[in-house]
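Enquirer:
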Amino acid sequence: MIISLVVQAAQMVLVIALAPLLTGLVRKVKARLMRRQGPSVIQPYRDLLRLVHKDAVVAANASWLFRVAPYLVFSITWVAAALVPTFASGLIFSWSADLIVIVALLGSARFLLALAGLDVGTSFGGIGSSREVMIASLAEPAMLLIVFTLALLAGSTQLSSIVEFMLTSAVGVRVSLGLALVALIMVGIAENARIPIDNPATHLELTMVHEAMVLEYSGRHLAMIEAAASLKLLLYVSLIACVFAPWGTAPATAGAASYLVGMLAYAVKLAVGGALLAVFETVVAKMRVFRVPQFLGAALMLGLLGALLLFVSRSL
Amino acid sequence: MSVEISLACVAVLLGTAVFGGAAPRHPATRFCVYASCFGVAVVMLVAAARELVAGAAVPSSMTLPLGLPWMGAHFRIDRLSAFFLVVVNLGAGLASLYGLGYGRHEHAPGRVLPFFPAFLAGMNMVVLADDAFSFLLSWEFMSLGSWALVMAHHREPENSRAAYIYLLMASFGTLALLLGFGLLAGPDGAYGFAEIRAAHPSARVAGLVLALALLGAGSKAGLVPLHVWLPLAHPAAPSHVSALMSGIMTKVAVYGFVRIVFDLLGPPAPWWSMVVLALAGITAVLGVLYALMEHDLKRLLAYHTVENIGIIFIGLGLALAFQANDLAAPAALALTAALLHVFNHSLFKSLLFFGSGAVLVATGERDMEHLGGLIHRMPVTAFTFLIGSAAISALPPLNGFASEWLTFQAILLSPQLPQWGLKFLVPAVGGMLALSAALAAACFVKAFGMSFLGRARRPAAAAAQEVDRWSLAAMLVLSLLCVLVGIFPGLAIDALAPAIRDLAHGARMPVQSVDPWFTVIPVTASRSSYNGLLVLAFIILSASLTAFTVHRLASRAIRRSAPWDCGYPDSNPITQYTAGSFAQPIRRVFGTLAFAARERVDMPLPGELRPARLAVQLRDLVWDGVYRPIAVGVGFGADQLNHLQFLTIRRYLSLVFVALVFLLTVLALWQ
Numbered sequence: 010m011i012i013s014l015v016v017q018a019a020q021m022v023l024v025i026a027l028a029p030l031l032t033g034l035v036r037k038v039k040a041r042l043m044r045r046q047g048p049s050v051i052q053p054y055r056d057l058l059r060l061v062h063k064d065a066v067v068a069a070n071a072s073w074l075f076r077v078a079p080y081l082v083f084s085i086t087w088v089a090a091a092l093v094p095t096f097a098s099g100l101i102f103s104w105s106a107d108l109i110v111i112v113a114l115l116g117s118a119r120f121l122l123a124l125a126g127l128d129v130g131t132s133f134g135g136i137g138s139s140r141e142v143m144i145a146s147l148a149e150p151a152m153l154l155i156v157f158t159l160a161l162l163a164g165s166t167q168l169s170s171i172v173e174f175m176l177t178s179a180v181g182v183r184v185s186l187g188l189a190l191v192a193l194i195m196v197g198i199a200e201n202a203r204i205p206i207d208n209p210a211t212h213l214e215l216t217m218v219h220e221a222m223v224l225e226y227s228g229r230h231l232a233m234i235e236a237a238a239s240l241k242l243l244l245y246v247s248l249i250a251c252v253f254a255p256w257g258t259a260p261a262t263a264g265a266a267s268y269l270v271g272m273l274a275y276a277v278k279l280a281v282g283g284a285l286l287a288v289f290e291t292v293v294a295k296m297r298v299f300r301v302p303q304f305l306g307a308a309l310m311l312g313l314l315g316a317l318l319l320f321v322s323r324s325l
Numbered sequence: 052m053s054v055e056i057s058l059a060c061v062a063v064l065l066g067t068a069v070f071g072g073a074a075p076r077h078p079a080t081r082f083c084v085y086a087s088c089f090g091v092a093v094v095m096l097v098a099a100a101r102e103l104v105a106g107a108a109v110p111s112s113m114t115l116p117l118g119l120p121w122m123g124a125h126f127r128i129d130r131l132s133a134f135f136l137v138v139v140n141l142g143a144g145l146a147s148l149y150g151l152g153y154g155r156h157e158h159a160p161g162r163v164l165p166f167f168p169a170f171l172a173g174m175n176m177v178v179l180a181d182d183a184f185s186f187l188l189s190w191e192f193m194s195l196g197s198w199a200l201v202m203a204h205h206r207e208p209e210n211s212r213a214a215y216i217y218l219l220m221a222s223f224g225t226l227a228l229l230l231g232f233g234l235l236a237g238p239d240g241a242y243g244f245a246e247i248r249a250a251h252p253s254a255r256v257a258g259l260v261l262a263l264a265l266l267g268a269g270s271k272a273g274l275v276p277l278h279v280w281l282p283l284a285h286p287a288a289p290s291h292v293s294a295l296m297s298g299i300m301t302k303v304a305v306y307g308f309v310r311i312v313f314d315l316l317g318p319p320a321p322w323w324s325m326v327v328l329a330l331a332g333i334t335a336v337l338g339v340l341y342a343l344m345e346h347d348l349k350r351l352l353a354y355h356t357v358e359n360i361g362i363i364f365i366g367l368g369l370a371l372a373f374q375a376n377d378l379a380a381p382a383a384l385a386l387t388a389a390l391l392h393v394f395n396h397s398l399f400k401s402l403l404f405f406g407s408g409a410v411l412v413a414t415g416e417r418d419m420e421h422l423g424g425l426i427h428r429m430p431v432t433a434f435t436f437l438i439g440s441a442a443i444s445a446l447p448p449l450n451g452f453a454s455e456w457l458t459f460q461a462i463l464l465s466p467q468l469p470q471w472g473l474k475f476l477v478p479a480v481g482g483m484l485a486l487s488a489a490l491a492a493a494c495f496v497k498a499f500g501m502s503f504l505g506r507a508r509r510p511a512a513a514a515a516q517e518v519d520r521w522s523l524a525a526m527l528v529l530s531l532l533c534v535l536v537g538i539f540p541g542l543a544i545d546a547l548a549p550a551i552r553d554l555a556h557g558a559r560m561p562v563q564s565v566d567p568w569f570t571v572i573p574v575t576a577s578r579s580s581y582n583g584l585l586v587l588a589f590i591i592l593s594a595s596l597t598a599f600t601v602h603r604l605a606s607r608a609i610r611r612s613a614p615w616d617c618g619y620p621d622s623n624p625i626t627q628y629t630a631g632s633f634a635q636p637i638r639r640v641f642g643t644l645a646f647a648a649r650e651r652v653d654m655p656l657p658g659e660l661r662p663a664r665l666a667v668q669l670r671d672l673v674w675d676g677v678y679r680p681i682a683v684g685v686g687f688g689a690d691q692l693n694h695l696q697f698l699t700i701r702r703y704l705s706l707v708f709v710a711l712v713f714l715l716t717v718l719a720l721w722q
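Okay, structure coming up:
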């Protein structure tokens, strides 16, 4: 009991400690690919530290929602990220939320952030919120259809059970899994506001979505939102890793050795995932905002196709 | 015992209606009417809840010497009616509480006070009725009561049109139910529900009855394409009545459907569920798309009722599919999901309509494009409306999520179904459910953001004041219930179990209250589980921990300044995003398909001084495709028949003779 609580706590600390590092790694690899030196991989930690120590400048007509939202967004994303298996599956609180709940929790965080974007009543906040909910209204159903595909295969929506199923030899190579993987990557890119959907490094550009929504934030509030964005990226990389590359993940009742192996494997997976994302972001161009529905519509159809194939035959 | 109490309560409500009609102008009358409705609702709520949780094995029933002379009027409370009595009277009690304050602003109380208790009595009688005759009579009574309330502000031209369309649709629905019950009763006229239940109709008759029940109950509930009256009529009534019509009366319609299809009709055929699921999926998505295009706060909420009815019918359709294949446990899960969503929707829809009523009282506006910034001036209303918005958007850890999560779990059990049609339909319906949930969240970001956040767009919104204590109390109770059901859904599921067991032939979901920490486990723990309480506790803990750490160790200073807006802040509130501009991206994605949406930019020529204009044209394809042709056809037919008015007496007599010969010929051929 104590040990499992410690492992769960370690997971919570681990995700929050590693999230800025992953963001820094992606930035570094991108910079190197563009033949730039780039900031150090620990730059996001410095940014966050600097931001929390600054005064928060809040618009005069901002309501309590504006000030509460960053903390809630951060904590909801944190709880969601802590429920995805990273180095070990079957953590003690994993039964309190299945994959559908995790997706919906991210929806709650986005709901609050979109409202906060409208709170001050500026045109940039409005454009950001409006486009964010448009993207989410397609990405969320696509994600749920991916969840359906995984759940139909594993016979469970519980992430720990899915990971255990993926580790067995019964899985094999399946068409539906391939479709789900492609769709999940597309959804992950859209949800994390990465290129080609949105550019996390841009300001003052009419195509920006997420950055426009949080434009009014500063100081510790902005730090919370940046940390939440890093956590969300970590969550998606962990999710893809734990479902499609579950090797090394420690089972529910394991010793210290397998936890150590799990940690190492997880670090490798994160590094590979981050590097792949950086490569992908470097080779594609940002698309117009009204091309996004086609991109996400494709993800939705892939998810639906994956689920349909499993309804037709369990072996596909 | 409880049926006697309930009928006595209905009698008190009818007495209150007469009293309300006697001296409507007197302020004490208003207080007495709403207080009496509140008291009656509380008594019935307690009686019904006791019947549901700890009712006797044999349902209490009673026959009154009213109605058809050879039969009398039968009334009965089984677990299903007890559950719906809980829904009806919880909503009715809180609407009465809200009415205590809201009714003060009513300028024509004589058009509300007599009909409000009568409407409540009608809804209760529908649920209590145990024969077709009393059921239909109560159903019509309920329809007419609510119609009178829709007509309360009849001088506004929109309202009388809404009431006219409502009346037409209500009569059409009742006609369908009348025919359905006629088929069920058979040639011997066995109208009692007990006799109908014992007789099993042939497959063809049963299918016909299902179609008629879908038309009759579906038109009252708001299934697409029978939903057209709902967004017109619900907002036209005073707000506490809108809450009752949208939150409660649609649930009485769901009760009618469940009673006929699950209880009276006998074992279902697999194709029934396909029809129900397809209609339900389309209803859920179209309802929320209509809502997104809508800028009138109350009408937006009414369209969301259409969406949620779709979600409820998805659960019912799944239950039919499972029952047709003798999968009792999954059927119980799907039914639980549907009935839990019935309860949840009655909570948050009433809450949201109360909130919109409060906004209407405070600003005189229903159009979101004229509101803004109300969170500063109406903090309690804004907070409760936020809870309601999050609940209806199916966000954890609130109650709307719990029931939609159960529906998803039921969908995931459906690969067991052998029919190919269902194998293709169910994943598509699952996708539609997910799409409608995501779009609902977008829509409520718009509704809450435009009304309560930002800056006031009109002076009326800038001068708004918080509403009275009665209204606030009703809204606070409802938002508390939304949170409680969200974090303890297991208790609600267990309370529902007796009603489910009657419908699902003895099957029920596993007992939830034995699970540790109020976890919900629909099938087995390794398959899926959800714990709203722990999720909420984790969120609150980590949020307060973070806020505490940051405030303590880093900075807690706040500087207020003008908005940043990338250096171009504009003090004119017109430069804010409006509801129309907020929905524009979604309109571009879905609008061309669902509404044949067109945008036309009117650019002035160089040198012209008039402003450029953007006009958006949306077409209601259901109205244009289904109702307009019918209306044109009826008009054409009436014109043709008009000639009959000006015939000579000879021709009339010959017409009568021809008709007689025709009927006799038909009779002779029939025999």
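These protein sequence lines map, in sequence, to chains V and Y.
If you read the first sequence in the working numbering, its first letter stands for residue 10, the second for the next number, and so on.
If you read the second sequence in the working numbering, its first letter stands for residue 52, the second for the next number, and so on.
No residue lacks a Cβ here, since even glycine has one placed at the ideal position from N, Cα and C.
Note that the structure is predicted; figures quoted are calculated from it, not measured.
List, from N- to C-terminal side, the alpha helix (DSSP H) runs of 4 residues or more that fit wholly inside the segment 150–177 of chain V.
Expert: 168–176
Enquirer: Return yes when the Cβ of G317 (chain Y) is within less than 8 angstroms of the Cβ of P252 (chain Y), no when it is not.
Expert: In the second sequence, the residue the question calls residue 252 (chain Y) occupies position 201. In the second sequence, the residue the question calls residue 317 (chain Y) occupies position 266. Against a cut-off of 8 angstroms, the Cβ pair of G317 (chain Y) and P252 (chain Y) comes out as a contact.
Enquirer: Quick one: Cα of E225 (chain V) to Cα of F157 (chain V), how far?
Expert: Along the first sequence, read from residue 1 onward, the residue named residue 225 (chain V) stands at position 216. Along the first sequence, read from residue 1 onward, the residue named residue 157 (chain V) stands at position 148. Each residue's alpha carbon lies about 37 angstroms from the other.
Enquirer: Less than 7 angstroms between C-beta atoms, sequence neighbours within five positions excluded: which residues of the same chain meet that for L437 (chain Y)?
Expert: For the purposes of this step, residue 437 (chain Y) is taken as the residue at position 386 of the second sequence. Hits under 7 angstroms: F499.
Enquirer: Could you compute how far the alpha carbon of V562 (chain Y) sits from the alpha carbon of F569 (chain Y)?
Expert: On the second sequence, residue 562 (chain Y) is found 511 positions in, with the first residue counted as 1. On the second sequence, residue 569 (chain Y) is found 518 positions in, with the first residue counted as 1. V562 (chain Y) and F569 (chain Y) have their C-alpha atoms spaced approximately 11 angstroms apart.
Enquirer: Taking only runs that begin and end inside the segment 652–691 of chain Y, name each unbroken beta strand (DSSP E) of 3 or more residues, in chain order.
Expert: 664–668
Enquirer: What residue range does the beta strand (DSSP E) around I128 (chain Y) cover?
Expert: As a first step, residue 128 (chain Y) is located in the second sequence; it is residue number 77 there, counting from the start. I128 (chain Y) -> beta strand (DSSP E) spans A124 to I128.
Enquirer: Please look up how many angstroms separate the CB atoms of L263 (chain Y) and I247 (chain Y), rounded, as I've assumed it's under 8 angstroms.
Expert: Counted from its first residue, the second sequence places residue 263 (chain Y) at position 212. Counted from its first residue, the second sequence places residue 247 (chain Y) at position 196. That pair is no contact at about 14 angstroms.
Enquirer: Note down, in chain order, each residue of its chain lying with its Cβ closer than 6 angstroms to the Cβ of G366 (chain Y), except the 5 sequence neighbours on either side.
Expert: As a position in the second sequence, residue 366 (chain Y) is number 315, starting the count at 1. Contacts found: A385, A388, A389 and T458.
Enquirer: Since A143 (chain Y) and A92 (chain Y) should fall inside the 8 angstroms C-beta cutoff, what is the C-beta to C-beta distance between them, to a whole number of angstroms?
Expert: Within the second sequence, residue 143 (chain Y) is the residue found at index 92, counting from 1. Within the second sequence, residue 92 (chain Y) is the residue found at index 41, counting from 1. The pair is a contact, with the Cβ atoms about 4 angstroms apart (cut-off 8 angstroms).
Enquirer: Name, please, each residue of chain Y whose Cβ falls closer than 9 angstroms to the Cβ of Q167 (chain V).
Expert: Taking the first sequence and counting its residues from 1, the one referred to as residue 167 (chain V) is at position 158. Within chain Y, the residues near Q167 (chain V) are A576, S577, R578, S579 and S580.
Enquirer: Specify whether the segment 149–163 of chain V and the segment 516–526 of chain Y touch according to this definition: at least 3 beta carbon pairs, one from each stretch, less than 8 angstroms apart.
Expert: no
Enquirer: Would you check if the distance between the CB atom of K474 (chain Y) and the CB atom of F633 (chain Y) is smaller than 8 angstroms?
Expert: The residue given as residue 474 (chain Y) occupies position 423 in the second sequence. The residue given as residue 633 (chain Y) occupies position 582 in the second sequence. No. Outside cutoff.
Enquirer: Below 7 angstroms between beta carbons is the criterion; list the residues of the segment 79–94 of chain V that meet it against any residue of chain Y, in chain order.
Expert: Y80, L81, F83, S84, I85, W87 and V88
Enquirer: Within 8 angstroms, do at least three Cβ pairs link the segment 64–75 of chain V to the segment 306–321 of chain V?
Expert: Output reads no: the segment 64–75 of chain V does not touch the segment 306–321 of chain V.
Enquirer: By how many angstroms is the C-alpha of P276 (chain Y) removed from the C-alpha of V327 (chain Y)?
Expert: Position 276 of the second sequence, counted from the first residue, corresponds to residue 327 (chain Y). Position 225 of the second sequence, counted from the first residue, corresponds to residue 276 (chain Y). Each residue's alpha carbon lies about 13 angstroms from the other.
Enquirer: So which residues of chain V does C83 (chain Y) contact, with C-beta pairs closer than 9 angstroms?
Expert: The residue labelled residue 83 (chain Y) in the question sits at position 32 within the second sequence. In chain order: nothing, as chain V lies at least about 39 angstroms away.
Enquirer: Could you work out which residues of chain Y lie near W104 (chain V), taking near to mean beta carbons separated by less than 8 angstroms?
Expert: Residue mapping note: residue 104 (chain V) aligns to position 95 of the first sequence, counting from 1. Simply T570, A576, S580 and N582.
Enquirer: Please report the straight-line C-alpha distance between I538 (chain Y) and L449 (chain Y), rounded to a whole angstrom.
Expert: Translated into positions along the second sequence, residue 538 (chain Y) becomes position 487. Translated into positions along the second sequence, residue 449 (chain Y) becomes position 398. Approximately 7 angstroms between the Cα atoms of the pair.
Enquirer: State the start and end residues of the unbroken alpha helix (DSSP H) segment that holds M233 (chain V).
Expert: In the first sequence, counting from the first residue as 1, residue 233 (chain V) sits at position 224. It spans G228 to F253 - the alpha helix (DSSP H) in which M233 (chain V) sits, taken as one unbroken run.
Enquirer: Does the distance from the C-beta atom of M95 (chain Y) to that of S147 (chain Y) stay below 8 angstroms?
Expert: As a first step, residue 95 (chain Y) is located in the second sequence; it is residue number 44 there, counting from the start. As a first step, residue 147 (chain Y) is located in the second sequence; it is residue number 96 there, counting from the start. Result no, Cβ atoms of M95 (chain Y) and S147 (chain Y) do not sit closer than 8 angstroms.
Enquirer: State the Cα-Cα distance for the pair V191 (chain V) and L231 (chain V), rounded to the nearest angstrom.
Expert: For this step, residue 191 (chain V) is matched to residue 182 along the first sequence. For this step, residue 231 (chain V) is matched to residue 222 along the first sequence. Cα-Cα distance, rounded: 32 angstroms.
Enquirer: Just tell me which of Y:M193, Y:L219, Y:M174 and Y:S290 has its CA closest to the CA of S522 (chain Y).
Expert: Numbered from its first residue, the second sequence carries residue 522 (chain Y) at position 471. Nearest option by C-alpha distance: Y:S290.
Enquirer: For the beta strand (DSSP E) containing M113 (chain Y), name the first residue and the last one.
Expert: Looking up residue 113 (chain Y) in the second sequence gives position 62. S111 to L115 is the span of the beta strand (DSSP E), which, as asked, contains M113 (chain Y).
Enquirer: Count Cβ pairs between the segment 128–138 of chain V and the segment 284–291 of chain V that sit closer than 8 angstroms; are there 3 or more?
Expert: no
Enquirer: Measure the beta-carbon distance from G361 (chain Y) to T334 (chain Y) and round it to whole angstroms, keeping in mind my assumption that it falls under 8 angstroms.
Expert: Taking the first residue of the second sequence as position 1, residue 361 (chain Y) is located at position 310. Taking the first residue of the second sequence as position 1, residue 334 (chain Y) is located at position 283. Confirmed, about 3 angstroms.
Enquirer: Quick check on the DSSP output: the alpha helix (DSSP H) that includes I609 (chain Y) runs from which residue to which?
Expert: One-based indexing of the second sequence puts residue 609 (chain Y) at position 558. It is not in any alpha helix (DSSP H) - I609 (chain Y) instead sits in the beta strand (DSSP E) that spans I609 to S612.
Enquirer: Could you tell me whether the Cβ of I109 (chain V) comes closer than 8 angstroms to any Cβ of chain Y?
Expert: If you number the first sequence from 1, residue 109 (chain V) lands on position 100. It does: the Cβ of I109 (chain V) has a partner Cβ on chain Y nearer than 8 angstroms.
Enquirer: Mind checking which residues open and close the beta strand (DSSP E) that includes A65 (chain V)?
Expert: The sequence position of residue 65 (chain V) within the first sequence is 56, counting from 1. A65 to A68 is the extent of the beta strand (DSSP E) around A65 (chain V).
Enquirer: Assuming N175 (chain Y) is part of the alpha helix (DSSP H), what are its boundary residues?
Expert: Against the second sequence, residue 175 (chain Y) aligns to sequence position 124. Start and end: F166 to L179.
Enquirer: Return yes when the Cβ of G408 (chain Y) is within less than 8 angstroms of the Cβ of Y153 (chain Y), no when it is not.
Expert: Residue 153 (chain Y) sits at position 102 when you count from the first residue of the second sequence. Residue 408 (chain Y) sits at position 357 when you count from the first residue of the second sequence. Contact flag set, yes.
Enquirer: Reducing DSSP to helix, strand and coil, say where Y581 (chain Y) ends up.
Expert: Within the second sequence, numbered from 1, the residue matching residue 581 (chain Y) stands at position 530. Three-state result, Y581 (chain Y): strand.
Enquirer: Quick check on G243 (chain Y): does DSSP put it in helix, strand or coil?
Expert: Within the second sequence, residue 243 (chain Y) is the residue found at index 192, counting from 1. DSSP places G243 (chain Y) in strand when its eight states are reduced to three.
Enquirer: Using 8 angstroms as the cut-off, can you tell me whether the segment 483–491 of chain Y makes contact with the segment 138–155 of chain V, which would need three or more C-beta pairs spanning the two stretches below that distance?
Expert: Judged by Cβ distances under 8 angstroms, the segment 483–491 of chain Y makes contact with the segment 138–155 of chain V, as three or more pairs qualify.
Enquirer: Consult DSSP for R649 (chain Y) and reduce its assignment to one of helix, strand or coil.
Expert: Counting from one through the second sequence, the residue named residue 649 (chain Y) turns up at place 598. R649 (chain Y): strand per DSSP, three-state reduction.
Enquirer: May I have the straight-line CA-CA distance separating E207 (chain Y) from S297 (chain Y), to the nearest angstrom?
Expert: Here residue 207 (chain Y) is taken as the residue at index 156 of the second sequence, counted from 1. Here residue 297 (chain Y) is taken as the residue at index 246 of the second sequence, counted from 1. Computed Cα separation, rounded: 21 angstroms.
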